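Here the structure is laid out as structure tokens; the discussion comes afterwards.
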Amino acid sequence: MSGAVEAKLAELGLTLPGVVPPLAAYQPAVQSGVYVYTAGQLPMVDGKLPVTGKVGAEVTAEEAKELARTCALNALAAVKSVAGDLDRIARVVKVVGFVASASDFTGQPGVLNGASELLGAVLGDKGVHARSAVGVAVLPLDAPVEVEIQVELTQA
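Laid out in structure tokens, this is it:
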């Protein structure tokens, strides 16, 4: 099933990927009432990380911003896996992003703008959200970025 949100993705030249399989004992997304919570989404493309390392060292802030965008796209795929249709998104409530950072890197908010800007471009006003951008020492598989989202759904 696809609707207006997936049409907007196509208009932006994007395709909703398949759901990234879990790396451990968790689900990619769960629904509780009208909310869907995603697990942290890595910037996987075709089952692989395109880049690894720390932002501000091996990975530039610009590369990391693009990776955050990929994480958000993967998060939308996880939402669809439980909601059935992205058009059910009433709004994105919260985005939490983690940036594996070199010790002197302080641009985490700019990196996470990649995810926030994608959600805004795809969902319009429904994509406006609260957000946390957190610098961390290391992420799974040495990923530079990880993003999780919480969305509110319309009633089925």
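Residue numbering for the sequence shown is 40 to 195, as defined by the working numbering.
Idealized CB from N, CA, C, for every residue including glycine.
The structure displayed is predicted, hence computed values, not measured ones.
{"Asked": "State buried or exposed for Val94, treating a residue as buried only when at least 16 other CB atoms are found within 10 Å of its CB.", "Found": "buried"}
{"Asked": "What do you get for Pro67, buried or exposed, if any count of 16 or more other CB atoms within 10 angstroms of its CB means buried?", "Found": "buried"}
{"Asked": "With a Cβ-Cβ cutoff of 8 Å, do Gly86 and Glu187 count as a contact?", "Found": "no"}
{"Asked": "Following the continuous beta strand (DSSP E) through Glu191, name the residue where it begins and the one where it ends.", "Found": "Val184 to Leu192"}
{"Asked": "Starting from Ala68, trace the beta strand (DSSP E) in both directions and tell me its first and last residue.", "Found": "Ala68 to Ser71"}
{"Asked": "Can you say whether Ala111 is buried or exposed, counting buried as having 16 or more other CB atoms within 10 angstroms of its CB?", "Found": "buried"}
{"Asked": "Is it right to say Gln194 is buried, meaning 16 or more other beta carbons lie within 10 angstroms of its own, or is it exposed?", "Found": "exposed"}
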